[in-house]
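For reference, the structure is listed below as structure tokens.
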Amino acid sequence: MSATARTGGQILVDQIALHGSKQIYCVPGESYLAALDAMHDAQIGVTVCRQEGGAAMMAEAYGKLTGQPGICFVTRGPGATNASAGLHIARQDSTPMILFVGQIGREMREREAFQELDYRAVFGTIAKWVTEIDDPARIPELVSRAFHVATSGRPGPVVIALPEDMLTEAAVTVDAPAYRPIETHPGPAQMVELQKLLAAAKRPVAILGGGRWDQQAVSRFTRFAERFQLPVHTSFRRQMLFDTLHDCYAGDLGIGPNPKLLKRIKESDLVLVIGGRLSEMPSQSYSLFEIPAPSQRLVHVHPDSSELGRVYSPFMAINASPGAFAAALESLQPPADLPWAEDTRTAHADYLAWSDPASITHPGALQMGQVMAELANVVPDDAIMANGAGNYAGWVHRFWKFRHYGTQLAPTSGSMGYGLPAAVGAKRAFPERMVVSLAGDGCFMMHGQEFATAVQYDLPIIVLIVDNGMYGTIRMHQERDYPGRVSATMLKNPDFAAYARAFGGFGARVERTEEFAPALKEAMASGKPAIIHLLIDPETITPTTTLSAIRDKAMQEKA
1 MSATARTGGQ ILVDQIALHG SKQIYCVPGE SYLAALDAMH DAQIGVTVCR
51 QEGGAAMMAE AYGKLTGQPG ICFVTRGPGA TNASAGLHIA RQDSTPMILF
101 VGQIGREMRE REAFQELDYR AVFGTIAKWV TEIDDPARIP ELVSRAFHVA
151 TSGRPGPVVI ALPEDMLTEA AVTVDAPAYR PIETHPGPAQ MVELQKLLAA
201 AKRPVAILGG GRWDQQAVSR FTRFAERFQL PVHTSFRRQM LFDTLHDCYA
251 GDLGIGPNPK LLKRIKESDL VLVIGGRLSE MPSQSYSLFE IPAPSQRLVH
301 VHPDSSELGR VYSPFMAINA SPGAFAAALE SLQPPADLPW AEDTRTAHAD
351 YLAWSDPASI THPGALQMGQ VMAELANVVP DDAIMANGAG NYAGWVHRFW
401 KFRHYGTQLA PTSGSMGYGL PAAVGAKRAF PERMVVSLAG DGCFMMHGQE
451 FATAVQYDLP IIVLIVDNGM YGTIRMHQER DYPGRVSATM LKNPDFAAYA
501 RAFGGFGARV ERTEEFAPAL KEAMASGKPA IIHLLIDPET ITPTTTLSAI
551 RDKAMQEKA
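Going by the working numbering, the first residue of the sequence shown is number 1, and it counts up by one from there.
Spelled out as structure tokens, the structure:
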């Protein structure tokens, strides 16, 4: 217990520090001035952002990379609603995050005061838990609960509203002990049954996804896969959970996956799903497995019991975190005969062929396959790769080789605008790591102002903007469903290289393949936040098709 009284703001920031947080991402607001004042003397990095959505995405990126709750502070009303995009990412991506929102004074509630919102109602269906703190003496209790809720079971976001007058009120209270995530472990009998299932299998596969992973869990699962020569797939935007160049890696279940991969999974007889939910994207719009009972024997491992049997009825449900389950796998030994070993080698060879950028050509003078190959030549494999949403992301997910845990930032929620703030948040937290962000022209402009944050903190991130002058994903669907009827998808873009220079960063414009390598070299040598503006042919809508081909096919089908 502190012997002296502290303001609510001081108590709050003290709790955040003792729970181990190293970074706070915020847009300042008068509604939480007392907390801002307490941050002045705290040993926590504070990143001031340009828009609350960007701040929330930075916090989400921190949580995704570290497994610790990303901390975000925003002001009431429009500040809070701006932050909702990052909150939704944290929800769908199972990322621990705590959003602190300034609130009107307690005496003004229920009058629709200036920027007043009922945060339990506004965020109740997005966050795992929403509360409002009325008594500064209860801050340690409620913040401790927030850290536990955000990190336990299926991780996710928590929202805490902070009445302005509560933060200035003084109290004498006891600090909480540092939180510890609550682990759920598989039972010994379940591991014995799993050993028998593997021994009886002819075509087993594993699919890794979700949250609650760390480097140790990834390493342990890798050793298990090696012993069993098990083909391993990763879920949508979760490639960092398994070394993609490992002999057991068989590819990711993303958008537009290798047809050979889908066939192999459908023909399997035992499926181990570890950490993930098999939601819409990895399940290929819920078509990959039968609902509710897959024809394969499904072993579903998840840290939240409410996810087990929610969509798919598993042959065996194991309520365990990926870390605890991976530790239990250390005791399993492979049978003498591994009838699937040759299939595993074939699956990896199929992945390597599918992910070879040299195998792809498309219209235009700038070839994105060669851009990805040059990145692989220059960027270290422990670099953090960030992207938002859009067809351009297919180049990253298909061709970039993720080798290590903690190197991928991509929203499974499909939220545009994520790549740049995620890169800024990552570089702020890990200044020694190289950080590269890929964005589409539409995607970048949704949070492009956070490039100013990168300049303010001297964060030499590299941003590649893939510009085709349109909202490409929507245009693709438009041509598929309403061929030739282009509506509301065209964009007129600025000179993004000049944009970068205007903020004080490095900017380069690339229109031809041979211009990319020198531009990348200059960007890296500049030591500044950098934007490389890549102008690609609008016909290049995905790595495997063109707008014209999609339109022609749709017109033939409608004829």
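The C-beta atom is built at its ideal place from N, Cα and C for all residues, glycine as well.
Original post:
How many Å lie between Ser359 and Gly323 at the Cα?
Top reply: 37 Å
Original post:
By the 10 Å Cβ neighbour count, where 16 or more other Cβ atoms means buried, how is Met1 classified, buried or exposed?
Top reply: Since pLDDT at Met1 reaches only 46, below the 50 mark, its modelled position is unreliable, and no value is offered.
Original post:
Going by other Cβ atoms of all chains shown within 10 Å of its Cβ, with 16 needed for buried, is Gly124 buried or exposed?
Top reply: exposed
Original post:
Should Lys202 be listed as close to the ligand GTP, given that the test is whether its C-beta is under 7 Å from any heavy atom?
Top reply: By its list of ligands, the structure shown contains no ligand whatsoever, and the ligand GTP lies outside what it can speak to.
**OP:** Kindly indicate which three-state DSSP category Val158 falls into: helix, strand or coil?
**Re:** strand
Subject >> Status (buried if at least 16 other CB within 10 Å, exposed otherwise) for Ala559 >> reply: exposed
Original post:
For Tyr129, which residues does DSSP report across the bridge?
Top reply: The residue asked about is misnamed: residue 129 is Trp in this sequence, not Tyr. Bridge partners of Trp129: Val158.
Original post:
Using 8 Å as the threshold, is the segment 149–163 in touch with the segment 92–103, meaning 3 or more CB pairs across them?
Top reply: yes
Original post:
Do three or more CB pairs link the segment 396–404 to the segment 442–452 at distances below 8 Å?
Top reply: no
Subject >> Distance CB(Gly211)-CB(Pro155) smaller than 8 Å >> reply: yes
**OP:** Answer yes or no: do Gln408 and Arg237 have a C-beta to C-beta separation smaller than 8 Å?
**Re:** yes
**OP:** Classify Leu547 as helix, strand or coil using the three-state DSSP reduction.
**Re:** helix
Original post:
Just reading off the beta strand (DSSP E) that Ala317 is part of, what are its end residues?
Top reply: Met316 to Asn319
Subject >> Sequence-distant residues of its chain with Cβ nearer than 7 Å to Val379 (five each side left out) >> reply: Met434 and Val436
**OP:** Identify every residue that forms a DSSP beta bridge with His233.
**Re:** Ile207 and Gly251
**OP:** For Asp165, I'd like the list of residues in its chain whose CB is within less than 8 Å of its CB, leaving aside the five on either flank, ordered along the chain.
**Re:** Gly105, Arg106 and Glu107
Original post:
Straight-line CA distance for Gly29 to Ala56?
Top reply: 15 Å
Original post:
What did DSSP end up calling Ile536 once you bin it into helix, strand or coil?
Top reply: coil
Original post:
If we count the other Cβ atoms within 10 Å of its Cβ and call it buried at 16 or more, is Ala502 buried or exposed?
Top reply: exposed
Subject >> Backbone CA spacing between Gly256 and Glu132 [nearest angstrom] >> reply: 43 Å
Original post:
If you compare alpha carbons, which of Tyr351, Glu479, Gly364 and Thr546 is closest to Met555?
Top reply: Glu479
**OP:** Enumerate, from N- to C-terminal direction, the unbroken beta strand (DSSP E) stretches of 3 or more residues contained entirely within the segment 270–341.
**Re:** 270–274, 297–302 and 316–319
Original post:
Which term fits Gly527, buried or exposed, when burial requires 16 or more other beta carbons within 10 angstroms of its beta carbon?
Top reply: exposed
Original post:
So, using beta-carbon positions, are Gln115 and Gly77 closer together than 8 Å?
Top reply: yes
Original post:
Which residues in the same chain as His302 place their Cβ atom closer than 6 Å to its Cβ, once the five residues preceding and following it in sequence are excluded?
Top reply: Leu308
Original post:
Should the segment 344–354 be called in touch with the segment 246–263, which here means at least 3 C-beta pairs below 8 Å?
Top reply: yes
Original post:
If you follow the alpha helix (DSSP H) that Asn377 is part of, which residue opens it and which one closes it?
Top reply: Met368 to Val378
Original post:
Taking buried to mean at least 16 other C-beta atoms within 10 Å of its own C-beta, is Pro188 buried or exposed?
Top reply: exposed
Subject >> Closest by C-alpha distance to Val27, when choosing among Phe100, Tyr471 and Val159 >> reply: Phe100
Original post:
Which one or two residues does DSSP pair with Arg6 in a beta bridge?
Top reply: Ala171
**OP:** Output yes or no for whether 8 Å exceeds the beta carbon distance between Met157 and Ala90.
**Re:** Per the sequence shown, the amino acid found at residue 157 is Pro instead of Met. In this structure, Ala90 lies closer than 8 Å to Pro157 by Cβ.
Original post:
Shortest alpha-carbon distance to Tyr482 belongs to which of Arg551, Leu491, Val172 and Ala523?
Top reply: Arg551
Original post:
Below 8 Å between beta carbons: does that hold for Val463 and Ala530?
Top reply: yes
Subject >> Proximal residues to Tyr392 (C-beta, below 6 Å), its chain only, five neighbours per side dropped >> reply: Gly440 and Val466
Original post:
Is the beta carbon of Asn319 sitting closer than 8 Å to the one on Ser305?
Top reply: yes
Original post:
Using a Cβ-Cβ distance under 8 Å, would Glu110 count as near chain C?
Top reply: Absent from the structure is chain C; it holds one protein chain and no more.
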